[in-house]
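Please read the structure below before turning to the comments.
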Amino acid sequence: VTIPARSEKLVQLKLSKFGSTTNDNLEGSDVVVEPVGLTIQGVYLARVLTKIVNNKCWAKAVNVSGEEVSLTVNSKFGIVESVSNDTIDKVKRKIVLIADSHGRGIQQLLEERLPGNFELSSWFVPNGKLKDAMSNLKREIAQLTQGDTVLVMAGTNDVDRGAPYSRTLQQAFQAIPNKWDARIVIMGIPDRFDKNVIGDLKRANDLLRSFVKRTNSEGRGRMSFCEMRGRFARRLYTKHGLHLNEEGKLKLAELMRKTILDDVEVTTKRVGLAIKEDELFDKCVDEKLSHLRLPERQEVKRVLEEYRDVFAHSEAQPLQCTSAVKHIIHTGNAAPIYKKAYRVPFHQKPIVDELIKDQPDKGTTPSHSPW
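Going by our numbering, the final residue of the sequence shown carries number 1001, and the count climbs one at a time with no gaps.
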């Protein structure tokens, strides 16, 4: 395999030299290829998640040197084997992304995160409803095979207060063909913060989940549902509150990557757990806010839903704090100021108290955390 300077190329990893009779049990499994400090002639193996096929898996060999490098089978490591481009093309899996405006800019982010044996294409239906996305799906699905995946992300434009979304979502599923070979993943409708439609979004996602479950039971093809509600906090949206910002799109691309590489279909158990979690959260919040008047209760509940990922909610520990949220302070070009916490000597405590009180007078910006 010849790799140009500062470039990467796809290679195969042979598992036979790793050694044991258990390799046969790994056929078809997803594995993570770790670099483990392995460098050959200035080339290292990039960390990647791949699938074992015929006791081999794919990886990216990255040439970090300034010269072209040629790799051959290495008897010491026994893992680098020449692979022709023709062979690579034969095993490529197609990924089709069909999305409304939420999917804009996702293709490039997703391509950067998938192994080299995936081929990604996308269709966008700006301002379109789920039935518009499904029309594109019907056209694309006929050209795909069992190893391919279609991601459908739409439905935001179906949901609004007073909108007949139950009918329009059902019409969308009626547009699906009777049979297909590829895997279809219906991405749930994400939260939105430009309108107070929390209840409508929950009901719409419950409908989508039930449609997916029913379609699977009919045996027409593989279809799964990926939950989106509660995954994206308010800080991951733009100021307007409808679309994801750059950080939010990175998280969405990572979620899609995991969904693509996970061939486990949605089961009744997983669906049941998701519904139960929503019910527990709603019940817990209603009980804790029962002393408030209805308008106040609705407003507090809206904020709790907006920052839902801050809390761990279970029957044992309702609305407890979690470590899922990290606070980031942007210091620009300033040098890092991190220091370990230490106890102030008792005789210096009055001085420290005065310094703390003096901070606002010197222009230190106070915190504006919603908590």
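The C-beta atom is built at its ideal place from N, Cα and C for all residues, glycine as well. This structure is a prediction, so every number in the text was calculated from the model and none was measured.
- Taking the Cα positions, Ser731 is about 12 Å away from Leu760.
- Remark: C-beta atoms of Val782 and Ile728 approach each other more closely than 8 Å.
- When the five nearest sequence neighbours on each side are left out, the beta carbons in the same chain lying within less than 8 Å of the beta carbon of His870 are those of Asp824, in order along the chain.
- Assignment of Thr868 by DSSP, reduced to helix, strand and coil, places it in the coil class.
- Residue pairing for Cys856: DSSP places it in a beta bridge opposite Met817.
- C-alpha of Asn747 to C-alpha of Val915: approximately 46 Å in a straight line.
- Residue pairing by DSSP places Leu750 opposite Ile725 in a beta bridge.
- Note that the C-beta distance between Leu750 and Arg887 is not below 8 Å.
- The stretch 801-808 makes contact with the stretch 759-777; the number of CB pairs closer than 8 Å reaches 3 or more.
- In the structure shown, Ile682 falls within a coil segment according to DSSP collapsed to helix, strand and coil.
- For Gln737, the three-state secondary structure derived from DSSP is helix.
- Look at the stretch 787-849 and you find these whole runs of alpha helix (DSSP H), each 4 residues long or longer: 795-804 and 828-847.
- If the five residues before and after Glu638 are omitted, its C-beta is found closer than 6 Å to the C-beta atoms of Lys690 and Val692, all from its own chain and listed in chain order.
- Within its own chain, the residues whose Cβ lies closer than 6 Å to the Cβ of Val842, once the five positions on either side in sequence are excluded, are Ile816, Met853 and Phe855, listed in chain order.
- For a cut-off of 8 Å, the C-beta gap from Leu799 to Gly785 is around 7 Å, short enough to register as a contact.
- By the criterion of a C-beta distance shorter than 6 Å, Glu935 is surrounded in its chain by Ile828, once the five residues flanking it on both sides are discounted.
- Taking a C-beta distance under 8 Å as the contact criterion, Gly777 and Trp810 do not qualify as a contact pair.
- Cβ contact annotation for Gly758 (same chain, cutoff 8 Å, sequence separation greater than five): Asp730, Ala784 and Asn787, in chain order.
- Beta-bridge pairing by DSSP links Ser700 to Thr632.
- Inter-residue distance for Arg813 and Arg797 is about 25 Å (C-alpha atoms, whole angstroms).
- For Lys881, the enclosing alpha helix (DSSP H) has its first and last residue at Glu876 to Leu891.
- A residue is called buried when at least 16 other Cβ atoms come within 10 angstroms of its Cβ; Arg723 meets this threshold and is buried.
- Between Val933 and the set Asp762, Asp821, Ile890 and Thr779, the nearest pair of CA atoms involves Asp821.
- Under a 10 Å Cβ-count criterion, Gly993 is classified as exposed, with fewer than 16 other Cβ atoms of the shown protein chains found around its own Cβ.
- In the DSSP assignment, Leu656 falls outside any beta strand (DSSP E), carrying neither H nor E.
- Looking at the DSSP output, Leu767 shares a beta bridge with no other residue.
- An exposed status is given to Asn684, since fewer than 16 other beta-carbon atoms sit within 10 Å of its beta-carbon.
- For the options Gly733, Arg743 and Glu742, the alpha carbon positioned closest to that of Ala763 is the one of Gly733.
- Minimum Cα-Cα distance from Ser765 among the listed residues Thr775, Ala802, Tyr795 and Leu837 corresponds to Ala802.
- Of the residues Ser847, Tyr795 and Arg864, the one whose Cα lies closest to the Cα of Asn835 is Tyr795.
- Under the three-state reduction of DSSP, Val974 is assigned to coil, being neither helix nor strand.
- Membership of Glu638 in the beta strand (DSSP E) is indicated by the continuous run Glu638 to Lys644.
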